[in-house]
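Enquirer: The structure's right below; bear with me while I get my questions together.
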Amino acid sequence: MTPERWAQIRRTFEDALDRPPGDRGGYLGGVCAGDDELRREVESLLQSHHQSESFLSTPAVNLNQALLSSDDGAGEYPPGYRVGPYQLERRIGRGGMGSVWVAARADHEYEKKVAVKLVRRGMDSQEILRRFRTERQLLAGLDHPNIARLIDGGSTPDGLPYLVMEYVEGTPIDRFCESRKISISERLKLFRAVCAAVQYAHQNLVVHRDIKAGNILVTAAGAPKLLDFGIAKLLRTDLSTQEMLAQTRPDLRPMTLDYASPEQVRGDPITTATDVYSLGVLLYKLLTGKTPYGVESSNPSTFRHAILEVEPRRLSAVILSDFTDAIPQATQKLEAVAEPLDKARRRLKKKLSGDLDAIVLKALAKDPLHRYVSAEQFSEDIRRYLDSRPVSARSDTPGYRTARFIRRNVVGTAAAAAVSVALIASAIGAVHYARITAQQRDQVERNLESAQRDLLAAYLQSGANPAKAYEIAKAIYVRDPQQAEAQRDVARAAANLADLVAATDRGKALGLYTEALAIYSRTLEIAEKLYASEPSEENRRAVASGNFHVGYVLAHNGAAQEGLVKLRKAQAIYEELLAAHGGDAATRNSLAAVYRALGGALQSADRSNEAADSYQHARALLPAESAPDH
């Protein structure tokens, strides 16, 4: 074909594409009169254009899938074709715009299979090339273990761009879960890894816009890989040609309808909430094997209506809605004697009811503002579910908190065993919460709170399990945030937990220290006001304690100098009290704690000699058998 002939075909194709589908036949009948070959070529390009979305959404992986275009090989590349240092070996996917090949280094510098995406000859319109280069730029900025990496890129001898990507040998995530018969909890953990990849993309200002099972492959080692950013959107760019086309031509909006959000269907602006919605659909399918709306995407009009107008069905309701359908393999017993199907359905319904129902429905909210604000928050609620903690998607009632608390604490520590029994006994009464009198309900809540406080005291005194101590303290504090004891307990528990995680998760530790500092600062302010109006010894000790705790947290929160000021105030008060009372044990212990904190703050300020002196003072104040060896 001569360049002149190709230019004529391309010009006619682009003119036809600008017309409504119903008018194209008449246009081609006139412009191609007497030139049947021209009409055939243009109609072939128009057909390929409608299939073109399938190319950029075709995973660059080894999948058994039907080819989406004819096998005539027109405009294709042959095996053995060289693109840069890579040699094509076999085609593993093809669409209207191009193809995906397994390739290897032709120069044999090293042996490694890669996936190469190529634009099909003849499909090199400006819009297609722009989208291809956009995908290359998006991938170049993403480096995450759960995202297929961009390895290389360049231009073919014909001047067309190509991508060299990590070759992922894996299985779509839904098929992986079913073939391995993995449990619901394992599916949720796998899904959280996908959320981490999506969150990473969002943090790099990229919205994927085509999250679906086929674009997430799981390797034999169980690692999910997010693929194909071909229709992704850069949040920092202005309105693209593609988006303007989507607003004026709804039939050409790039999306996979099964996973499309309401805003995609309407043509509204795309945000990170769009990916959250698609993640919700994905999780729905992983847990039930079905779509949220009970209709087939083979009828696009009905499916679009469902996405926009129909509320998604609860997971637990779907399981019992149609007994002729299969249910996920993970719900069935894997013993020699198979579990009756109706029993398996009832068991799965119980598993999905409540928290998982609420989590998925929140992700699938029609209004983006009512969804999770991020993939990370979505993932965090799943983590809380897996840890038997209250999830943000559900109403935070006392009964719900109690049920979650009991589930986490069936096995308690030896020190808290007796308290745990009391807690469980209180919870049993809470099961009948709606049937008993108001007076009985009050007593149940008092028993629960008393049991929680006893358990918290055991944890704080022993220093065991700071994470659980913090959780219990928060539950008590939420019920009555004005109670001084609850404030002190949650601050102390937060500081203890921060000390524990500081070495491994500095960001979490800083958040906990900040929370503790806010509470301790308010407590100190109140103590100082009380002491100013009533200068009693009790209030003076409260001021000393407040300065100690504020100073301690400041020193651990990167403000060593400010912490030193507060700790010195606490030191001065405790030394005066010690002199006045002849060295009572309680005051000695308090002053020793201040000196230890001073030692840490002085070390942080690079004042090692002074820190050593403070530690020595602490040793001298404590009995020999209990003094820490500094």
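For the sequence shown, our numbering begins at 95 and goes up steadily by one.
Even glycine gets a Cβ: it sits at the ideal position worked out from N, Cα and C.
This structure is a prediction, so every number in the text was calculated from the model and none was measured.
1) Are the region 257-273 and the region 306-325 in contact at 8 Å, needing three or more beta carbon pairs?
2) What first and last residue would you give for the alpha helix (DSSP H) that runs through Gly657?
3) Could you tell me the alpha carbon to alpha carbon distance between Tyr387 and Pro394, rounded to whole angstroms?
4) Where does Arg118 fall in DSSP's three states?
5) Within the same chain, show all residues whose beta-carbon is closer than 7 Å to that of Val454, passing over the 5 residues directly before and after it, in chain order.
6) Out of Ala569, Ile278, Ala638, Ala551, which has the shortest C-alpha to C-alpha gap to Arg441?
7) Quick check on Phe149: does DSSP put it in helix, strand or coil?
8) For Ala686, which option in Glu622, Gln181, Ala712, Asp117 has the closest C-alpha, if you only look at C-alpha atoms?
9) Looking only at its chain, what residues have a beta carbon closer than 6 Å to the beta carbon of Arg478, apart from the 5 residues adjacent to it on each side?
10) Skipping 5 residues on each side, what residues in its chain have a beta carbon closer than 7 Å to that of Tyr564?
11) Cα separation between Ile103 and Gly128?
12) Got a sec, what are the start and stop residues for the beta strand (DSSP E) Asp246 sits in?
13) Given this structure, state the Cα-to-Cα distance separating Thr265 from Lys207, to the nearest angstrom.
14) Can you find the residues in the same chain that come closer than 6 Å, C-beta to C-beta, to Ala691, ignoring five residues on each side of it along the sequence?
15) Tell me, to the nearest whole angstrom, how far the beta carbon of Ile305 is from that of Ser372; I am working on the premise that it is less than 8 Å.
16) By Cβ distance below 7 Å, which residues in the same chain neighbour Lys562 in space, the five residues on each side in sequence not counted?
17) Buried or exposed for Thr608, please, with buried defined as at least 16 other CB atoms from any protein chain shown within 10 angstroms of its CB.
18) Which residues in the same chain have their Cβ closer than 7 Å to the Cβ of Ala367, if we skip the five residues on either side of it in sequence?
19) Please name the residue, chosen from Leu450, Gln471, Ala197, that lies closest to Arg488 on a Cα-to-Cα basis.
20) Assuming Ala706 is part of the alpha helix (DSSP H), what are its boundary residues?
21) Using the Cβ count rule (16 or more neighbours within 10 Å means buried), how would you classify Val210?
22) Could you give the uninterrupted runs of the alpha helix (DSSP H) lying entirely in the region 676-700, keeping only those of 4 residues or more?
23) Taking the straight line between their C-alpha atoms, what separation do you get for Arg439 and Lys384?
24) Return the first residue and the last residue of the alpha helix (DSSP H) that Ala367 is part of.
25) I think Ser473 touches Ala295, with their Cβ atoms under 8 Å apart; what is that distance to the nearest whole Å?
26) Can you look up Ala160 in the DSSP assignment and give me helix, strand or coil?
27) In angstroms, rounded to a whole number, what distance separates the CA positions of Ala580 and Ile613?
28) Taking 7 Å as the limit between beta carbons, can you name the residues of its chain near Val359, skipping five residues before and five after?
29) May I ask you to list the residues that DSSP assigns as paired with Lys562?
30) Out of Ile241, Val300, Thr396, Asp574, which one is the CA nearest neighbour of Ile364?
31) With Ile241 as the anchor, note down where its beta strand (DSSP E) starts and where it stops.
32) Is the separation between the beta-carbon of Leu244 and that of Leu254 shorter than 8 Å?
33) Three-state secondary structure (DSSP) at Val155?
34) So the alpha helix (DSSP H) Leu450 belongs to, where does it begin and stop?
Expert: The short version:
1) The answer is yes - the region 306-325 touches the region 257-273, with three or more Cβ pairs under 8 Å.
2) Here the question's residue 657 lines up with position 563 in the sequence shown. Note, Gly657: alpha helix (DSSP H), 654-674.
3) To locate residue 387, count along the sequence shown from 1; it is residue 293. To locate residue 394, count along the sequence shown from 1; it is residue 300. Just so you know, the alpha carbons of Tyr387 and Pro394 end up roughly 13 Å apart.
4) Taking the sequence shown and counting its residues from 1, one reaches residue 118 at position 24. Look at Arg118 here: in three-state DSSP terms it is helix.
5) Taking the sequence shown and counting its residues from 1, the one referred to as residue 454 is at position 360. Gly374, Leu377, Tyr378, Leu409.
6) Here residue 441 is taken as the residue at index 347 of the sequence shown, counted from 1. Taking each of Ala569, Ile278, Ala638, Ala551 in turn and checking the Cα distance to Arg441, the smallest one comes out for Ile278.
7) Locating residue 149 in the sequence shown gives position 55, where the first residue counts as 1. Caution is warranted here: a pLDDT of 41 is assigned to Phe149, below 50, making its placement in the model unreliable, and the coordinate value is therefore given only provisionally. In the three-state scheme derived from DSSP, where H, G and I count as helix and E and B as strand, Phe149 is classed as helix.
8) Numbered from 1 along the sequence shown, position 592 holds the residue referred to as residue 686. The residue with the shortest Cα to Cα distance from Ala686 is Ala712.
9) The residue labelled residue 478 in the question sits at position 384 within the sequence shown. Cβ within range, chain order: Val485.
10) Reading the sequence shown from its first residue, position 470 is the one you call residue 564. Spatial neighbours of Tyr564 in its own chain (CB-CB distance under 7 Å, excluding positions within 5 residues in sequence) are listed in chain order as Ala587, Ala588, Leu591.
11) Here residue 103 corresponds to residue number 9 of the sequence shown, with the count starting at 1. Here residue 128 corresponds to residue number 34 of the sequence shown, with the count starting at 1. Going from the Cα of Ile103 to the Cα of Gly128 covers about 14 Å.
12) To locate residue 246, count along the sequence shown from 1; it is residue 152. First-last of the beta strand (DSSP E) with Asp246: 244-249.
13) Start at 1 with the first residue of the sequence shown, and residue 265 comes out as number 171. Start at 1 with the first residue of the sequence shown, and residue 207 comes out as number 113. Between Thr265 and Lys207, the C-alpha separation is close to 17 Å.
14) If you number the sequence shown from 1, residue 691 lands on position 597. So the list reads Tyr646, Leu661, once near-sequence residues are dropped.
15) For the purposes of this step, residue 305 is taken as the residue at position 211 of the sequence shown. For the purposes of this step, residue 372 is taken as the residue at position 278 of the sequence shown. With a Cβ gap of about 4 Å, Ile305 and Ser372 count as contacting.
16) One-based indexing of the sequence shown puts residue 562 at position 468. Closer than 7 Å at the Cβ level, and outside the excluded window around Lys562, lie Tyr553.
17) Locating residue 608 in the sequence shown gives position 514, where the first residue counts as 1. Flag for Thr608 reads exposed.
18) One-based indexing of the sequence shown puts residue 367 at position 273. For Ala367, where only same-chain residues beyond five positions count, the Cβ hits under 7 Å are Pro462, Arg465.
19) Here the question's residue 488 lines up with position 394 in the sequence shown. Here the closest residue by C-alpha is Leu450.
20) In the sequence shown, residue 706 corresponds to position 612, counting from 1. 702-715 is the span of the alpha helix (DSSP H), which, as asked, contains Ala706.
21) Taking the first residue of the sequence shown as position 1, residue 210 is located at position 116. When all chains shown are included, Val210 counts as buried.
22) Correct list: 679-698.
23) Within the sequence shown, numbered from 1, the residue matching residue 439 stands at position 345. Within the sequence shown, numbered from 1, the residue matching residue 384 stands at position 290. Their Cα atoms are separated by approximately 14 Å.
24) Here residue 367 refers to the residue found at position 273 of the sequence shown. For Ala367, the enclosing alpha helix (DSSP H) begins and ends at 366-382.
25) As a first step, residue 473 must be located in the sequence shown, where it is residue number 379. As a first step, residue 295 must be located in the sequence shown, where it is residue number 201. Ser473 to Ala295, Cβ: 14 Å. No contact.
26) Numbered from 1 along the sequence shown, position 66 holds the residue referred to as residue 160. Caution is warranted here: a pLDDT of 30 is assigned to Ala160, below 50, making its placement in the model unreliable, and no coordinate value can be reported.
27) Position 486 of the sequence shown, counted from the first residue, corresponds to residue 580. Position 519 of the sequence shown, counted from the first residue, corresponds to residue 613. Taking the straight line from one Cα to the other gives about 10 Å.
28) Within the sequence shown, numbered from 1, the residue matching residue 359 stands at position 265. The residues are Arg398, Ile401, Leu402.
29) Numbered from its first residue, the sequence shown carries residue 562 at position 468. DSSP output for Lys562 lists no bridge partner at all.
30) For the purposes of this step, residue 364 is taken as residue 270 along the sequence shown, with counting starting at 1. Ile364 has its Cα closest to that of Val300, out of Ile241, Val300, Thr396, Asp574.
31) One-based indexing of the sequence shown puts residue 241 at position 147. No beta strand (DSSP E) holds Ile241; DSSP gives it neither H nor E.
32) Along the sequence shown, one-based indexing puts residue 244 at 150. Along the sequence shown, one-based indexing puts residue 254 at 160. Leu244 places its beta carbon 8 Å or farther from that of Leu254.
33) Counting from one through the sequence shown, the residue named residue 155 turns up at place 61. Only weak support exists for where Val155 lies, its pLDDT of 40 falling under 50; the value from the coordinates is given anyway. Residue state, collapsed to three classes: strand.
34) On the sequence shown, position 356 is the one that residue 450 refers to. Taken as a continuous stretch (DSSP letters only), the alpha helix (DSSP H) holding Leu450 covers 449-457.
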